[in-house]
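Asker: Okay, handing you the structure first.
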Amino acid sequence: MRINCAKTCVYCNDDGSPPTTPEPEECIDTDKDCEVKSGLCRNKNYKSMMLKRCPVTCGFCIVDPTTPKPTTSTESPEITKCFDDPAMAHVCKENAHRCEVEPFKSKHMVKFCKGTCGFPCTPDRNITTTTEAPKQCFDDPTKAQVCKENAHRCEVEPFKTKNMMRFCKGTCGFPCDDDGGSTTTTTTTTTAAPVKKCFDDPAKAHVCKENAHRCNTEPFKKNMITFCKGTCGFPCDDEQPLVTTTTTTTLPPATTTREPCFDLSQDCVNKPQLCTNPPYYDIVKKNCRKTCGFCTQ
Numbered sequence: 001m002r003i004n005c006a007k008t009c010v011y012c013n014d015d016g017s018p019p020t021t022p023e024p025e026e027c028i029d030t031d032k033d034c035e036v037k038s039g040l041c042r043n044k045n046y047k048s049m050m051l052k053r054c055p056v057t058c059g060f061c062i063v064d065p066t067t068p069k070p071t072t073s074t075e076s077p078e079i080t081k082c083f084d085d086p087a088m089a090h091v092c093k094e095n096a097h098r099c100e101v102e103p104f105k106s107k108h109m110v111k112f113c114k115g116t117c118g119f120p121c122t123p124d125r126n127i128t129t130t131t132e133a134p135k136q137c138f139d140d141p142t143k144a145q146v147c148k149e150n151a152h153r154c155e156v157e158p159f160k161t162k163n164m165m166r167f168c169k170g171t172c173g174f175p176c177d178d179d180g181g182s183t184t185t186t187t188t189t190t191t192a193a194p195v196k197k198c199f200d201d202p203a204k205a206h207v208c209k210e211n212a213h214r215c216n217t218e219p220f221k222k223n224m225i226t227f228c229k230g231t232c233g234f235p236c237d238d239e240q241p242l243v244t245t246t247t248t249t250t251l252p253p254a255t256t257t258r259e260p261c262f263d264l265s266q267d268c269v270n271k272p273q274l275c276t277n278p279p280y281y282d283i284v285k286k287n288c289r290k291t292c293g294f295c296t297q
């Protein structure tokens with residue numbers, strides 16, 4: 001119809017001249033990590049991104065059979081490649097699937113993960129310019145492990161405002177305080193008045209570690225405040241001393257401290273029959289110590 005009925009089918013130009021066939025756009029991958037991300041080609045949440053950045057890898061190119069397949073040219077200008085923020089490289093790699101997912105994209109991925117996500121460089125930061133490195137914050141040294149284990153809660157309330165913004169600025173990519181810098185360690189380690197640091201109850205240290213995810217979950221929070229101030233970052237009681245290198249050796253030995261006994265689950269009292277049920281033994285021994293009589297006498 002385009003050839004035999006061009007006028008009727010409105011294929012002609014306004015001046016009556018025959019239509020011209022536009023030059024097809026070159027189909028190339030613009031992201032060097034297309035092979036790594038090939039698993040996202042058929043994911044409906046990322047298809048538009050992959051269509052734009054990895055059409056060759058994903059097989060989205062429309063090839064004219066009469067046209068020879070273009071070969072890679074070394075004369076085309078090299079695409080400017082940005083790097084991830086060095087301090088956030090591992091976080092970028094673990095969260096590559098969030099490159100196009102809000103609010104992660106605008107708040108974190110565009111800022112710290114340009115390399116992983118293939119975002120364009122900003123004028124003041126590309127592969128040859130490193131003098132304008134952004135201010136980098138660090139996690140609280142005493143909370144580094146907790147921050148790493150709870151990185152998925154950076155944007156989840158109440159964890160974000162109560163703990164992550166306070167202790168995990170490095171892991172979450174939150175902005176530094178006015179006194180923070182990219183070349184210095186946290187100021188709390190160099191000031192004359194150190195931040196008051198509380199310890200977990202020595203007899204409950206292992207329980208606190210295993211239940212760190214329950215710091216702000218009711219009804220467990222009451223017990224976590226009582227026994228797990230260190231793990232959860234809760235404020236110390238007034239009589240608790242500041243943390244210094246000398247106080248770490250003054251903790252009472254476990255043999256002289258009676259281990260507090262409580263259930264971690266409020267359902268324990270309603271299901272005492274599970275205490276003697278072998279398939280549930282490990283579960284109740286951990287979560288229903290008081291109800292099932294597993295406390296140290």
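The sequence shown stops at residue 297 when you use UniProt numbering, and every number in between is there. In this text, a Cβ means the ideal position worked out from N, Cα and C, and glycines have one as well. None of these values were measured; they are calculated from a predicted model.
Compare the C-alpha of Asn216 against each of Val207, Glu157, Asp263, Pro279 and name the closest.
Answerer: Glu157
Asker: Would DSSP call Gln273 helix, strand or coil?
Answerer: In the three-state reduction of the DSSP assignment, Gln273 falls in the helix class, which pools H, G and I.
Asker: Sorted by chain position, which residues of the same chain lie with C-beta nearer than 7 Å to Cys27's C-beta, five sequence neighbours on each side aside?
Answerer: Pro55, Val56, Cys61
Asker: With DSSP run on the structure shown, which of helix, strand or coil describes Phe174?
Answerer: coil
Asker: Going straight from the alpha carbon of Lys204 to that of Lys162, what length do you get?
Answerer: Distance between the alpha carbons of Lys204 and Lys162 is about 23 Å.
Asker: Can you give the beta carbon distance from Lys229 to Asp267, rounded, assuming they're within the 8 Å contact cut?
Answerer: Incorrect: roughly 26 Å between the Cβ atoms, too far for contact.
Asker: Please report how far the alpha carbon of residue 300 lies from the alpha carbon of Thr291, in whole angstroms.
Answerer: Coverage of the chain is limited to positions 1 through 297, which leaves residue 300 absent and any answer about it impossible.
Asker: Where Asn277 and Val269 are concerned, what is the direct C-alpha to C-alpha distance, given to the nearest angstrom?
Answerer: 15 Å
Asker: Is Thr30 helix, strand or coil when you go by DSSP?
Answerer: coil
Asker: How many Å lie between residue 307 and Cys154 at the Cα?
Answerer: Since the displayed the chain opens at 1 and closes at 297, residue 307 lies outside it and no answer follows.
Asker: In the DSSP assignment, find the unbroken alpha helix (DSSP H) run with Ala144 in it and report its ends.
Answerer: Element bounds for Ala144: 144-149.
Asker: Could you compute how far the alpha carbon of Gly118 sits from the alpha carbon of Arg53?
Answerer: In a straight line, the C-alpha of Gly118 is about 8 Å away from that of Arg53.
Asker: Let's see if you can read the secondary structure: which residues bound the alpha helix (DSSP H) around Ile225?
Answerer: From DSSP, the alpha helix (DSSP H) with Ile225 extends over 221-227.
Asker: Considering Cys92, what are the terminal residues of the alpha helix (DSSP H) in which it resides?
Answerer: 89-94
Asker: Using the Cα positions of Thr231 and Cys208, report the straight-line distance between them to the nearest angstrom.
Answerer: If I take the Cα positions, the gap works out to 6 Å.
Asker: Would you mind working out which of Leu40, Lys93, Ala151, Thr116 sits nearest Lys32, comparing C-alpha positions?
Answerer: For the residues Leu40, Lys93, Ala151, Thr116, the minimum Cα distance to Lys32 belongs to Thr116.
Asker: DSSP three-state label for Gly39, please.
Answerer: In the displayed model, Gly39 falls within a helix according to three-state DSSP.
Asker: Contact check, Phe104 vs Asn95 under 8 Å by CB: the rounded distance?
Answerer: 7 Å
Asker: What's the C-alpha gap between Ala254 and Arg289?
Answerer: Since pLDDT at Ala254 reaches only 48, below the 50 mark, its modelled position is unreliable, and no value is offered.
Asker: Please confirm whether Met109 and Cys92 have their CB atoms less than 9 Å apart.
Answerer: Contact flag set, yes.
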